[in-house]
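Colleague:
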Amino acid sequence: MAITETNADELRSTTEGSMDYRGNPSVRFSSGGWKSARLIICVEMAERFAFFGISSNLITYLTGPLGESTAAAAANVNAWTGTVSLLPLFWAFVAVAFLGRFRTIIISSSLYILGLGLLSFSTMIPSHCEAPNQVVSCESQLQVTLFFCSLYIIAIGQGGYKPCIKVFGADQFDENDIEEEKARSSFFNWLMFGNSVSIVMTGLVSNYIQENVSWSLGFGIPSVSMLLALFLFLLGTSSYRFSIEREEKKTAFARISRVFLEAIKNRRKTDSDETLLLLAHQSSKQLKFLDRAAISCDNVEIEEAKAVLRLFPIGMTSLVYAIVSAQSTTFFTKQGAKMDRSISPGLLVPAASLQSFISLTKVIFIPIYDRLLVPIARSFTQSPSGITMLQRIGTGIFISILAMVVAALVETKRLQTDLTTPVSVWWLVPQYVIYGVADVFTMVGLQEFFYDQVPIELRSIGMALNLSIFGVGSFLSSLMISVIDKVTSQSGQTSWFDNDLNKAHLDYFYWLLACLSSIGLASYLWLAKSYVCNNENTREDL
């Protein structure tokens with residue numbers, strides 16, 4: 062069949078602002094789009110299997126083989142998780158200023174694999190235990206040192222990989238094309254769907270092997286999975302679209318910094334200045350103090366600085382959600398360890414495997430959200446994504462409050478039950494499911510928000526800022542646990558986080574988080590109501 066001239070033009074059409082791996086303009090038909098995005102989703106699935114193969118059961122290893130107390134282990138997990146989520150800020154600067162996203166992914170993935178390999182090796186070092194069930198920790202200092210060094214090498218590697226891979230995936234869609242713009246919003250949904258499938262597999266495979274076969278094998282499998290992720294990523298090199306970094310984009314940080322410095326320098330200037338009067342009719346009405354930089358900066362640079370600064374209030378009011386998020390891999394798991402986990406005689410459900418219900422919920426709910434709820438909402442709102450990003454984030458924060466309330470009620474029931482007949486572990490499923498639904502709204506909403514609302518060349522930074530919310534949240538969770546543990550254990554009282562959870566009061570902690578989340582939601586709604594969207598094609602309000 063002959064190819065018409067119109068079809069031939071479509072096949073040859075290029076995408077603006079991107080090139081292929083040879084440096085030529087990328088051809089729309091043969092590069093990017095879902096072809097490349099699907100491969101990147103597979104890469105992410107392999108990486109998530111590796112990461113959650115470590116993080117999901119970390120508290121069990123720390124309180125088991127390494128013999129740490131519950132409070133100390135939870136604090137260590139939160140500190141590590143916080144580091145994992147804050148390091149992307151450093152790597153994002155490196156990616157934007159020096160390496161670019163593609164090279165950053167390759168280098169950081171190599172470090173990631175090194176850390177995973179060393180972690181598995183650390184569990185093979187013989188301990189000094191004379192008896193296998195010895196209560197007091199007897200691990201060698203070498204093993205403990207190598208274990209924690211390996212963890213933080215993983216954090217360094219993951220810190221470079223995480224912000225770049227998501228942005229690189231979203232870059233495969235041309236935001237100047239209406240259909241590809243819709244597909245990009247859907248990409249974030251299906252990225253989480255793929256990640257969730259992978260995390261479910263982690264609970265079924267890695268967690269079981271770690272607790273029932275061997276910790277060294279259980280930590281070794283993630284190393285192989287990350288090797289697979291790097292292989293798959295390199296496999297798609299010829300089909301990727303690479304964003305064109307113009308010379309002026311390299312100075313994005315300098316431009317924004319200059320706006321702030323000039324605004325401070327000109328803070329004593331009066332509004333009667335001719336330049337300031339002219340800008341007053343051109344600039345947005347928020348953050349007017351930055352308009353004082355107009356004497357030496359143009360309007361585009363000032364609006365760019367305003368766009369970045371407007372992100373911080375939204376991020377700060379999302380911190381309580383990040384604190385709640387930290388509990389799913391720590392105290393939720395410890396709760397499960399104290400409940401009846403038997404499926405059949407001699408077969409127990411690994412406590413960490415319960416985290417799979419969060420991911421399983423996402424696997425079920427994301428297609429419903431993307432294929433059913435979004436089209437229905439779109440018919441009312443005319444928004445390509447159904448509801449705005451801010452509405453999506455706020456909905457998730459509200460649902461997370463419900464998760465904490467349910468968690469508190471379940472823990473109260475567990476403590477009131479006769480210890481000779483412990484409560485079934487399946488009572489924990491509702492709090493995992495509710496939190497999974499919350500994640501579909503808030504986690505994906507934050508990812509898309511921080512991608513969409515920053516200047517194009519700073520999108521790696523935007524994604525890193527999104528991850529840093531959860532890093533700061535993890536550190537705040539660690540600080541809260543340490544302070545509450547110290548305060549509640551004074552004068553011979555039982556700590557809320559006592560090593561014997563049957564004497565502890567996690568229910569009080571969950572109620573506290575529910576109250577803090579309610580305050581956070583109210584603050585978020587107040588700030589989001591007045592948020593001015595940076596993208597002219599997107600209308601963001603509540």
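Note that the working numbering has the sequence shown beginning at 62, numbered continuously upward. Every residue gets a Cβ at the ideal spot worked out from N, C-alpha and C, and that includes glycine.
From residue 532 to residue 149, what distance separates their C-alpha atoms?
Modeller: Reading the sequence shown from its first residue, position 471 is the one you call residue 532. Reading the sequence shown from its first residue, position 88 is the one you call residue 149. Distance between the alpha carbons of residue 532 and residue 149 is about 10 Å.
Colleague: State the start and end residues of the unbroken beta strand (DSSP E) segment that holds residue 356.
Modeller: To locate residue 356, count along the sequence shown from 1; it is residue 295. It is not in any beta strand (DSSP E) - residue 356 carries neither H nor E in the DSSP assignment.
Colleague: Compute the distance between the beta-carbons of residue 500 and residue 419, then report whether it is under 8 Å.
Modeller: Working through the sequence shown from its first residue, we reach residue 500 at position 439. Working through the sequence shown from its first residue, we reach residue 419 at position 358. Cβ atoms of residue 500 and residue 419: closer than 8 Å.
Colleague: Pairing CB atoms from the segment 215-235 with CB atoms from the segment 244-258, are three or more of them under 8 Å?
Modeller: A contact exists between the segment 215-235 and the segment 244-258.
Colleague: When the distance is taken between beta carbons, is residue 369 closer than 8 Å to residue 515?
Modeller: By one-based count along the sequence shown, residue 515 stands at place 454. By one-based count along the sequence shown, residue 369 stands at place 308. Their beta carbons are under 8 Å apart, which means residue 515 touches residue 369 by this criterion.
Colleague: Should residue 301 and residue 97 be called a contact, given that it needs their Cβ atoms to be closer than 8 Å?
Modeller: On the sequence shown, residue 301 is found 240 positions in, with the first residue counted as 1. On the sequence shown, residue 97 is found 36 positions in, with the first residue counted as 1. Going by C-beta atoms, residue 301 is nearer than 8 Å to residue 97.
Colleague: Cβ atoms of residue 117 and residue 264: under 8 Å apart, would you say?
Modeller: Here residue 264 refers to the residue found at position 203 when the sequence shown is read from its first residue. Here residue 117 refers to the residue found at position 56 when the sequence shown is read from its first residue. Yes; because the gap between Cβ atoms is below 8 Å, this pair is in contact.
Colleague: Check the DSSP bridge columns for residue 303 and list the partner residues they point to.
Modeller: In the sequence shown, counting from the first residue as 1, residue 303 sits at position 242. DSSP, once it has assigned bridges, lists 80 as partnering residue 303.
Colleague: CB residue 511 to CB residue 524, shorter than 8 Å?
Modeller: If you number the sequence shown from 1, residue 511 lands on position 450. If you number the sequence shown from 1, residue 524 lands on position 463. Yes, they are a contact pair.
Colleague: Considering residue 405, what are the terminal residues of the beta strand (DSSP E) in which it resides?
Modeller: Translated into the one-based positions of the sequence shown, residue 405 becomes position 344. That run of the beta strand (DSSP E) goes 403-405.
Colleague: Report the rounded CA-to-CA distance for residue 280 versus residue 491, giving the unit in angstroms.
Modeller: By 1-based counting over the sequence shown, the position of residue 280 is 219. By 1-based counting over the sequence shown, the position of residue 491 is 430. Going by the C-alpha atoms only, they are around 29 Å apart.
Colleague: Using the beta-carbon count (16 or more within 10 Å), is residue 174 buried or exposed?
Modeller: Within the sequence shown, the letter at position 113 stands for residue 174. Buried: at least 16 other Cβ atoms inside 10 Å.
Colleague: For residue 561, which option in 547, 351, 212, 132 has the closest C-alpha, if you only look at C-alpha atoms?
Modeller: By 1-based counting over the sequence shown, the position of residue 561 is 500. Cα-wise, what sits closest to residue 561 is 132.
Colleague: To the nearest angstrom, how far is the alpha carbon of residue 590 from that of residue 583?
Modeller: Taking the first residue of the sequence shown as 1, we reach residue 590 at position 529. Taking the first residue of the sequence shown as 1, we reach residue 583 at position 522. Residue 590 and residue 583: Cα-Cα distance of roughly 11 Å.
Colleague: On a CA-only basis, which of 559, 372, 543, 574 is nearest residue 137? Give me that one, please.
Modeller: Taking the sequence shown and counting its residues from 1, the one referred to as residue 137 is at position 76. The shortest Cα separation from residue 137 among 559, 372, 543, 574 belongs to 543.
Colleague: When you compare only the Cα positions, how much space is there between residue 564 and residue 146?
Modeller: Taking the first residue of the sequence shown as position 1, residue 564 is located at position 503. Taking the first residue of the sequence shown as position 1, residue 146 is located at position 85. Spanning the two alpha carbons is a distance of roughly 33 Å.
Colleague: Here's the rule: buried if 16 or more other CB atoms are within 10 angstroms of the residue's CB, otherwise exposed. What is residue 505?
Modeller: Counting from one through the sequence shown, the residue named residue 505 turns up at place 444. Burial call: buried.
Colleague: Of all the options 204, 168, 172, 177, which has the alpha carbon lying nearest to the alpha carbon of residue 604?
Modeller: The first residue shown for the chain is 62 and the last is 603, placing residue 604 beyond what the model contains.
Colleague: Nearest-angstrom Cα distance between residue 399 and residue 393?
Modeller: Position 338 of the sequence shown, counted from the first residue, corresponds to residue 399. Position 332 of the sequence shown, counted from the first residue, corresponds to residue 393. Near 10 Å, if we compare the C-alpha coordinates of residue 393 and residue 399.
Colleague: Using a 10 Å radius around the Cβ and a threshold of 16 neighbouring Cβ atoms, would you call residue 176 buried or exposed?
Modeller: In the sequence shown, counting from the first residue as 1, residue 176 sits at position 115. Answer is buried; the Cβ neighbour count reaches 16.
Colleague: State the DSSP-derived secondary structure class of residue 645, mapped to helix, strand or coil.
Modeller: What the structure shows of the chain is the stretch from 62 to 603, and residue 645 is not part of that stretch, so it cannot be assessed.
Colleague: Report yes if the C-beta distance between residue 100 and residue 297 is below 8 Å; otherwise report no.
Modeller: Along the sequence shown, one-based indexing puts residue 100 at 39. Along the sequence shown, one-based indexing puts residue 297 at 236. Cβ atoms of residue 100 and residue 297: closer than 8 Å.
Colleague: Please check the pair residue 371 and residue 324, which I expect to be a contact at CB under 8 Å, by giving their CB distance rounded to whole angstroms.
Modeller: Working through the sequence shown from its first residue, we reach residue 371 at position 310. Working through the sequence shown from its first residue, we reach residue 324 at position 263. Going by Cβ atoms, the distance from residue 371 to residue 324 rounds to 15 Å, so no, they are not a contact pair.
Colleague: Please state whether the Cβ-Cβ distance between residue 580 and residue 153 is less than 8 Å.
Modeller: For the purposes of this step, residue 580 is taken as the residue at position 519 of the sequence shown. For the purposes of this step, residue 153 is taken as the residue at position 92 of the sequence shown. Result no, Cβ atoms of residue 580 and residue 153 do not sit closer than 8 Å.
Colleague: Using a 10 Å radius around the Cβ and a threshold of 16 neighbouring Cβ atoms, would you call residue 84 buried or exposed?
Modeller: The residue given as residue 84 occupies position 23 in the sequence shown. When all chains shown are included, residue 84 counts as exposed.
Colleague: Can you tell which of 408, 376, 207 has its C-alpha closest to the C-alpha of residue 127?
Modeller: Stepping through the sequence shown from its first residue, residue 127 is reached at position 66. The candidate whose alpha carbon is nearest that of residue 127 is 207.
Colleague: Check the Cβ-Cβ distances between residue 169 and every residue of chain D, and say whether any is below 8 Å.
Modeller: Checking the listed chains, one finds no chain D in this structure; it contains a single protein chain.
Colleague: Rounded to whole angstroms, what's the CA-CA distance from residue 530 to residue 378? Just pull it up for me.
Modeller: As a first step, residue 530 must be located in the sequence shown, where it is residue number 469. As a first step, residue 378 must be located in the sequence shown, where it is residue number 317. Spanning the two alpha carbons is a distance of roughly 10 Å.
Colleague: Keeping to the same chain, check which residues put their C-beta closer than 6 Å to that of residue 258; ignore five residues upstream and five downstream.
Modeller: For the purposes of this step, residue 258 is identified with residue 197 of the sequence shown, where counting begins at 1. 424.
Colleague: What separation, rounded to the nearest whole angstrom, lies between the Cα atoms of residue 166 and residue 157?
Modeller: Translated into the one-based positions of the sequence shown, residue 166 becomes position 105. Translated into the one-based positions of the sequence shown, residue 157 becomes position 96. Approximately 12 Å between the Cα atoms of the pair.
Colleague: If you draw a straight line from the C-alpha of residue 462 to the C-alpha of residue 453, how long is it?
Modeller: For the purposes of this step, residue 462 is taken as residue 401 along the sequence shown, with counting starting at 1. For the purposes of this step, residue 453 is taken as residue 392 along the sequence shown, with counting starting at 1. So the alpha carbons of these two residues sit roughly 15 Å apart.
Colleague: Could you tell me which residues DSSP pairs with residue 409 in its beta bridges?
Modeller: If you number the sequence shown from 1, residue 409 lands on position 348. Its beta-bridge partners are 403.
Colleague: DSSP three-state label for residue 247, please.
Modeller: Looking up residue 247 in the sequence shown gives position 186. Of the three classes helix, strand and coil, the one that applies to residue 247 here is helix, per DSSP.
Colleague: Measuring alpha carbon to alpha carbon, tell me which residue in 550, 161, 103, 469 is nearest residue 224.
Modeller: For the purposes of this step, residue 224 is identified with residue 163 of the sequence shown, where counting begins at 1. Nearest of 550, 161, 103, 469 to residue 224, Cα basis: 161.
Colleague: Give the single residue among 252, 403, 88, 567 whose Cα lies nearest to the Cα of residue 389.
Modeller: The residue labelled residue 389 in the question sits at position 328 within the sequence shown. Nearest C-alpha to residue 389: 567.
Colleague: So what's residue 9 in DSSP terms, helix, strand or just coil?
Modeller: Beyond the ends of the chain as shown, which are 62 and 603, falls residue 9; an answer cannot be given.
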